[in-house]
Amino acid sequence: MKIVFMNPNSSEAMTQSILSVAHAAAAPGVQVVGWTNKNGPPSIQGIEDGQAAITGLLAGLQSDEVANADAIVIACFDDVGLSEMQRAAPCPVIGIGQASYVMADLLGQPFSVVTSVAASVPVIEGNIACRGTGLNCVSVRASGLPVLTIEEGSEQTRQHLAKEILKANERDGARTIVLGCAGMATMHKDLKARTGMVLIEGVSAAVALCTSVEGLRLF
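Our numbering puts the sequence shown at residues 64 to 282.
In structure tokens:
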């Protein structure tokens with residue numbers, strides 16, 4: 064099986080971080096490949112950045128990296144271009160945000176999304192609403208940290224994110240926290256240790272869903 068993680072932004076470093084998590088989550092025999100949108104914005108922070116990335120994503124379907132993919136993952140929590148890619152691709156396309164909400168829904172507990180900046184909040188809230196996975200969503204919280212700051216993963220950033228996670232639990236009643244930025248994926252174990260909370264990160268969730276779809280032989 065070949066899963067391609069398509070990064071809508073132009074950060075190759077973020078693509079490699081995402082791939083490190085995806086490789087660890089994938090079963091033996093599953094090939095995980097990355098693709099970076101060289102024509103995309105440096106990071107995706109809100110509607111305008113997302114729109115600017117879609118043309119490049121669609122063009123990427125013709126790239127060597129994406130050829131013969133059994134499943135494609137949009138490696139941005141905003142699920143940039145997900146509907147457009149699903150219509151255009153010859154295989155299943157899953158977003159890491161979408162995968163996270165599915166997993167949160169399966170747990171059946173009140174959940175909160177902790178994301179990057181305020182501009183991402185309405186995008187995430189809209190995605191949750193249109194996919195019908197918002198029954199147990201109690202909040203979408205902006206940490207105030209830019210995507211590329213999160214990606215750097217400094218000690219200060221980790222401390223700040225841990226505080227936001229605990230606020231979601233204490234103030235909003237969330238029992239599960241969805242890590243609402245691809246840059247948080249590599250911090251999953253660290254943030255779990257700092258907070259003691261149930262955390263869902265979308266890269267591993269997407270690998271699990273892609274594998275399940277392949278196992279059902281629907282395509």
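Beta carbons are placed, not taken as given, at the ideal position from N, Cα and C, and that holds for glycine.
If you're wondering where the values come from, they're calculated on a predicted model, not measured in any experiment.
Going by Cα to Cα distance, which pick from the options is closest to residue i?
i	options	result
Val270	Gln172, Ala134 and Ser74	Ala134
Ala151	Val184, Val129 and Leu169	Val129
Gly278	Asp168, Ile110, Val93 and Thr258	Val93
Leu229	Leu254, Ile213, Gln219 and Ile110	Leu254
Gly265	Val176, Glu188 and Glu218	Val176
Glu188	Ile110, Ala87 and Ala85	Ile110
Ser126	Asn102, Trp98 and Pro153	Trp98
Cys200	His223, Asp235, Glu215 and Ala256	Asp235
Val276	Leu82, Pro104 and Cys154	Cys154
Leu198	Glu218, Val241 and Gln172	Gln172
Short of 8 Å in beta carbon distance, which residues of its chain neighbour residue i, apart from the five on each side in sequence? Order them along the chain.
i	result
Val156	Ala134, Ile135, Val136, Ile137, Leu145, Met148 and Gln149
Asn100	Met69, Asn70, Pro71, Asn72, Ser73, Ala116, Gly119, Leu120 and Gly123
Gln108	Ser179, Val180, Ala182, Ser183, Pro209 and Val210
Ala90	Thr274
Ala88	Val266, Ser267, Val270 and Ala271
Compute the beta-carbon to beta-carbon distance between residue i and residue j, rounded to the nearest angstrom, for a pair I have assumed lies under 8 Å.
i	j	result
Thr178	Ser202	Not confirmed; about 11 Å, so no contact.
Thr258	Ala225	5 Å
Thr274	Ser80	21 Å between Cβ atoms; not a contact.
Asn190	Asp142	6 Å
Ser204	Glu218	At residue 204 the sequence reads Arg, which differs from the Ser that was named. Their Cβ separation, rounded to whole angstroms, is 21 Å, which puts Arg204 and Glu218 out of contact at 8 Å.
Taking the alpha helix (DSSP H) that residue i falls in, what are its first and last residues?
i	result
Arg257	His251 to Thr258
Gly283	The chain is shown from 64 up to 282; residue 283 falls before or after that span and cannot be answered.
Gln219	Glu218 to Asp235
Gly189	Val184 to Arg194
To which residues of the same chain is residue i closer than 6 Å at the C-beta, ignoring the five residues directly before and after it?
i	result
Val96	Val67 and Glu128
Leu170	Thr239
Met166	Ile263 and Ala268
Ser106	Asn72, Val210 and Leu211
Which residue comes first and which comes last in the beta strand (DSSP E) that contains residue i?
i	result
Val67	Lys65 to Asn70
Ile280	The sequence given here places Arg at residue 280; Ile does not occur at that position. Unbroken run through Arg280: none, as it is neither H nor E.
Glu264	Val261 to Glu264
Gly243	Thr239 to Gly243
Can you list, in chain order, the residues of its chain whose CB lies under 7 Å from that of residue i, leaving out five sequence neighbours each side?
i	result
Cys244	Phe140, Thr178, Ser179, Val210 and Ile213
Asn131	Lys65
Met77	Asn70, Glu214, Ala245 and Gly246
With contact counted as at least three CB pairs below 8 Å, one residue from each stretch, are the segment 187-198 and the segment 158-166 in contact?
yes
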